[in-house]
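What follows is one structure encoded as structure tokens, with my remarks underneath.
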Amino acid sequence: MAPAPYLDPKIRESILAEAVRLAKFAGYENAGTVEFLLDQKSGKYYFMEVNARLQVEHTVSEEITGVDLVRTQIRVAEGASLKELGLQQENVHSNGFAIQCRVTTEDPTKNFQPDLGKIEVYRGAEGMGVRVDSAFSGAGGVISPFYDSLIVKLITHADTFQTSAIKMQRALKEFRIRGVHTNIPFLQNVLKSNDFLNGAVDTSFIPNHPETLQITPPKNRAQKLLKYLGEVMINGPLTPLGTPLKPAEVTPTVPPIEPNKPTPYGFKDVLREKGPEGFAKAVREHKGLLMMDTTMRDAHQSLLATRVRTHDLLRISPFVSQKLPQFYSLENWGGATFDSSMRFLHECPWERLEKLRELIPNIPFQMLLRGANAVGYTNYPDNVVYKFCDLAVKSGMDVFRVFDSLNYLPNLFVGMDAVGKAGGVIEASICYTGDICNPKRPKYNLKYYLDLVDQIVKAGTHILAIKDMAVASMIAAAEAGCDVVDVAIDSMSGITSQPSMGAVVAALQNTPLDTKMDPESLFAYSAYWEQARTLYRPFECTATMKTGNADVYINEIPGGQYTNLQFQAFSLGLADRFEQVKKRYAEANMLLGDIIKVTPSSKIVGDLAQFMVQNKLSAQDVLDRADKISFPKSVVEFFEGIIGFPHGGFPEPLATKVLKGKKQLTERAGISMKPLDFNKIKSDLKAKYSRDFDDKEVISAALYPKVFDDFTAFREKYGPVDKLDTGAFFVGPNVGKEFDVSWPIVAFY
1 MAPAPYLDPK IRESILAEAV RLAKFAGYEN AGTVEFLLDQ KSGKYYFMEV
51 NARLQVEHTV SEEITGVDLV RTQIRVAEGA SLKELGLQQE NVHSNGFAIQ
101 CRVTTEDPTK NFQPDLGKIE VYRGAEGMGV RVDSAFSGAG GVISPFYDSL
151 IVKLITHADT FQTSAIKMQR ALKEFRIRGV HTNIPFLQNV LKSNDFLNGA
201 VDTSFIPNHP ETLQITPPKN RAQKLLKYLG EVMINGPLTP LGTPLKPAEV
251 TPTVPPIEPN KPTPYGFKDV LREKGPEGFA KAVREHKGLL MMDTTMRDAH
301 QSLLATRVRT HDLLRISPFV SQKLPQFYSL ENWGGATFDS SMRFLHECPW
351 ERLEKLRELI PNIPFQMLLR GANAVGYTNY PDNVVYKFCD LAVKSGMDVF
401 RVFDSLNYLP NLFVGMDAVG KAGGVIEASI CYTGDICNPK RPKYNLKYYL
451 DLVDQIVKAG THILAIKDMA VASMIAAAEA GCDVVDVAID SMSGITSQPS
501 MGAVVAALQN TPLDTKMDPE SLFAYSAYWE QARTLYRPFE CTATMKTGNA
551 DVYINEIPGG QYTNLQFQAF SLGLADRFEQ VKKRYAEANM LLGDIIKVTP
601 SSKIVGDLAQ FMVQNKLSAQ DVLDRADKIS FPKSVVEFFE GIIGFPHGGF
651 PEPLATKVLK GKKQLTERAG ISMKPLDFNK IKSDLKAKYS RDFDDKEVIS
701 AALYPKVFDD FTAFREKYGP VDKLDTGAFF VGPNVGKEFD VSWPIVAFY
């Protein structure tokens, strides 16, 4: 800095006089630097040394005096006098204040250890009163261990010291240096210090201000995204594509909304005002049929392998909020979307929930909760389920459709209790399977289901749900007194998805069950998804399945599992044997005891079915050789009772043969599991990734340790890829075509 701010002018003049006296006494000629050390308390100063050359900080003297010291010293060495150069003392004045920062490849977090490597990106600062003296060749330059770590000297000049400091802060913010660590964050911290700005700086400044060494690593998002796009375009998609089809080159048209119109009143407002009990009462008292829209969750899980991205959900959200506020709820979270968003889309599921809530404040959100399995495929300690539900409610979730894949009530009740304690709406669900009209399959008869319902109602559910999805069933249920049915917008309905929303609305118009939904708004909503769906052509179920198939009454494969099972068969080299997989699925179900088939139990049946096809095993082969076969892990855990206990118990002697001496649980798995230590998970994550993690990230790690670890490492490497449009994310952008990198524009007028 020059001149030293807040230095007593008398002391300054005395120091200058001593320096001149020393130079005259020694007969010194040309430029040099005389150094003194000042005791600020006593005002005494002490001579340190003379450097017979210019120091690296000579630039600040040049800025305040207007004298080119480098040129001047050369001219003096050539024999020119100061008079000839016009440098009489009376002509040299100090104007304003200058600050210099040495930007180096030194890492403040490692005791300023010099960093080595290639500078991938360089962007400097500029502007009035900003000077940059470069010491390297620019982007592509290599920083070696054999020379000084200096990159540039950055100098700012202004009328006052504070203004010069502000300029320096702005200039440092403009710098973008990628590929090596720099000391810029440390310099910024120093310039933010009030003590520094007020002149209270001495040799103990850094030890007395440890906050200057508390560095937040730069996010480097743009460079990371460039790396991702380059990787995708050169080496192929980082999200495996289900088919050879490519995303359509289309930007779905978002229907317009009225910009200044207040947000319409919806059932979310009822829930805010009256709580879960009052909400349930309002639903029961509502005239006409209400609809739960699955488009944002189960519909794309069933049709597009759970690959729909937050980017495309957000674009249509303001329209849904304004034009379709009559929905009972929007199912947009939970189930397979939680892990799939991290595993395949490299998105944070919590960010999806929170962003959607910002844009849709008036419609309740609904999720699928797998009882004691939460949103996982196994059992967890109870504290994980309770913590998950608590965070979900705080992040914007409202209605929890709680179920157990085996209708095992102890597991179901854990989920219900966790939702209730979190303040959510408990929508307990029973999973229908089999055929109550078939006397040859008496295991799941009407009495079985009625007994379940009685116990669930007594346990305190706010709403009772029966999982089903045929359009005829929906209308029949409505006529029988059902308050809410599940539907999906027309362009995302049918086949393995839910019934067509438009069909249900049209069928009930001008009847006591009229939904009062606006057909024109539904048409526009459907048109958006018809276009958006083409972005996911690599995952289209219609690539291999053109219509629904009545064999579902035989194999009983759930719609949400069907497409995923199909893609799994492709990845295992069983694409041409999928018909066999479906037949083996029915056989595997019977081998396991004719169980309820919903995630995760459906996954167990699917794992066994594919295992049988891969190894060319019939059902009889499995029974005969079970004690010698190495079964999939999920099948073994099923017989251990890890996910619960099926109605009627485990089939023998198969269970004993599969377990091969392992003990079977005698009670719900969560009872014997120790509570998870969330603080330890948080500290382990911080130690590994050198940053803080919030509670939502910790619960993600608790539910899916490896998936979350892979997701975090991916984001560290490639940045926020969720900000890319869908085509660019999956296969990269077209060469020469401009595209945006941001959250989508969500208001269209």
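Under the UniProt record's numbering, the residue at position 445 of the sequence shown is numbered 445, and the numbers go up by one with no gaps.
Where is the CB? At the ideal position from N, CA and C, for every residue including glycine.
Keep in mind that this is a model prediction, so the values were computed, not measured.
Looking at C-alpha atoms only, which residue of the options is the closest neighbour of residue i?
{"i": "TYR432", "options": "TYR386, TYR562, GLU556, GLY415", "result": "GLU556"}
{"i": "ARG537", "options": "PRO114, TYR553, HIS300, VAL635", "result": "HIS300"}
{"i": "ARG357", "options": "ILE316, ILE143, MET492, ALA588", "result": "ILE316"}
{"i": "SER149", "options": "ASP398, ASN183, ARG284", "result": "ASN183"}
{"i": "LYS268", "options": "PRO255, ALA282, ASP490", "result": "ALA282"}
{"i": "residue 777", "options": "PRO244, ASP695, ILE430, SER321", "result": "Nothing in the structure corresponds to residue 777, since the chain is present only between 1 and 749."}
{"i": "LEU685", "options": "ALA702, MET673, SER672", "result": "ALA702"}
{"i": "ARG297", "options": "LYS227, LEU330, ASP68", "result": "LEU330"}
{"i": "PHE567", "options": "SER137, THR306, PHE400", "result": "THR306"}
{"i": "GLN89", "options": "VAL485, ASN189, THR65", "result": "THR65"}
{"i": "ALA392", "options": "GLN40, SER700, LEU724, PRO9", "result": "SER700"}
{"i": "ALA543", "options": "LYS44, ALA575, ASP518, PHE523", "result": "ALA575"}
{"i": "LYS153", "options": "GLU57, LYS387, LEU313", "result": "GLU57"}
{"i": "ARG715", "options": "LEU16, THR105, LYS224, VAL457", "result": "LYS224"}
{"i": "GLN169", "options": "ASP621, GLU587, ALA4, VAL130", "result": "VAL130"}
{"i": "GLU277", "options": "ILE463, GLY502, LYS41, PRO733", "result": "ILE463"}
{"i": "ALA527", "options": "VAL254, ASN189, ASP514", "result": "VAL254"}
{"i": "SER355", "options": "LEU314, ALA586, SER405", "result": "The residue asked about is misnamed: residue 355 is Lys in this sequence, not Ser. Out of LEU314, ALA586, SER405, LEU314 has the C-alpha closest to the C-alpha of LYS355."}
{"i": "ASN379", "options": "ILE360, TYR448, SER601, GLU347", "result": "SER601"}
{"i": "GLY179", "options": "SER634, VAL132, THR203, ARG123", "result": "ARG123"}
{"i": "VAL471", "options": "GLU479, PRO499, VAL453", "result": "PRO499"}
Below 6 Å CB to CB, which residues in the same chain sit around residue i once its five sequence neighbours on both sides are set aside?
{"i": "ILE745", "result": "In this predicted model, ILE745 has a pLDDT of only 49, less than 50, meaning its place in the structure is not dependable; the value taken from the coordinates is given anyway. There are no such residues."}
{"i": "ASP627", "result": "LYS657"}
{"i": "PRO349", "result": "PHE338, SER341"}
{"i": "LEU324", "result": "SER521"}
{"i": "residue 753", "result": "One cannot answer for residue 753 here, as it falls past the ends of the chain, which runs 1 to 749."}
{"i": "GLN73", "result": "ASN30, ALA31"}
{"i": "VAL673", "result": "The identity of residue 673 in the sequence shown is Met, whereas the question assumes Val. Excluding residues within five positions, the ones whose Cβ falls inside 6 Å are PRO381."}
{"i": "PHE645", "result": "TYR408"}
{"i": "LEU659", "result": "PHE639"}
{"i": "TYR147", "result": "none"}
{"i": "GLY736", "result": "none"}
Less than 8 Å between the beta carbons of residue i and residue j, yes or no?
{"i": "ALA139", "j": "GLU126", "result": "no"}
{"i": "residue 756", "j": "THR599", "result": "This structure cannot speak to residue 756, because the chain is shown only from 1 to 749."}
{"i": "LYS173", "j": "THR156", "result": "no"}
{"i": "ALA98", "j": "SER193", "result": "no"}
{"i": "VAL103", "j": "ILE151", "result": "yes"}
{"i": "GLU258", "j": "GLN326", "result": "no"}
{"i": "ALA465", "j": "SER429", "result": "yes"}
{"i": "LEU608", "j": "LEU591", "result": "yes"}
{"i": "ALA569", "j": "VAL581", "result": "yes"}
{"i": "ILE489", "j": "MET545", "result": "no"}
{"i": "TRP333", "j": "MET397", "result": "yes"}
{"i": "LEU226", "j": "GLU540", "result": "no"}
Which whole-angstrom value is the C-beta distance of residue i and residue j, which I expect to be below 8 Å?
{"i": "ARG53", "j": "ASP722", "result": "In fact, because the Cβ distance is near 54 Å, the residues do not count as touching under 8 Å."}
{"i": "PRO145", "j": "LEU116", "result": "6 Å"}
{"i": "GLY719", "j": "ARG221", "result": "4 Å"}
{"i": "ALA2", "j": "VAL60", "result": "4 Å"}
{"i": "VAL375", "j": "GLY415", "result": "At roughly 11 Å, the Cβ-Cβ gap does not stay under 8 Å, so VAL375 and GLY415 are not in contact."}
When DSSP builds the beta bridges, which residues end up paired with residue i?
{"i": "PRO114", "result": "GLU106"}
{"i": "THR33", "result": "ASN51"}
{"i": "ALA418", "result": "None; ALA418 has no bridge partner."}
{"i": "residue 765", "result": "One cannot answer for residue 765 here, as it falls past the ends of the chain, which runs 1 to 749."}
{"i": "ASP293", "result": "LEU330, VAL487"}
{"i": "ASP39", "result": "Note: ASP39 sits in no beta bridge, so no partner."}
Here's a check: name, in chain order, each residue in its chain whose Cβ is nearer than 8 Å to the Cβ of residue i, leaving out the five neighbours to either side.
{"i": "THR534", "result": "PRO247, ALA248, VAL250"}
{"i": "ARG441", "result": "GLY434, ASP435, ASP594"}
{"i": "LYS516", "result": "GLY288, GLN326"}
{"i": "VAL92", "result": "THR65, VAL67"}
{"i": "THR160", "result": "GLY96, PHE97"}
Leaving out five residues before and five after residue i in sequence, what residues of the same chain have Cβ atoms less than 7 Å from its Cβ?
{"i": "ASP390", "result": "ALA422"}
{"i": "ASP692", "result": "LYS686"}
{"i": "GLN162", "result": "LEU197"}
{"i": "ASP290", "result": "It should be pointed out that residue 290 corresponds to Leu in this sequence rather than to Asp. Once the five neighbours on either side are set aside, the close Cβ partners of LEU290 are VAL283, TYR328, ASP483, VAL484."}
{"i": "TYR46", "result": "PHE36, LEU37"}
Between residue i and chain B, is the shortest Cβ-Cβ distance under 8 Å, so that the two count as touching?
{"i": "ASP486", "result": "Looking for chain B here will not work: only one protein chain is present."}
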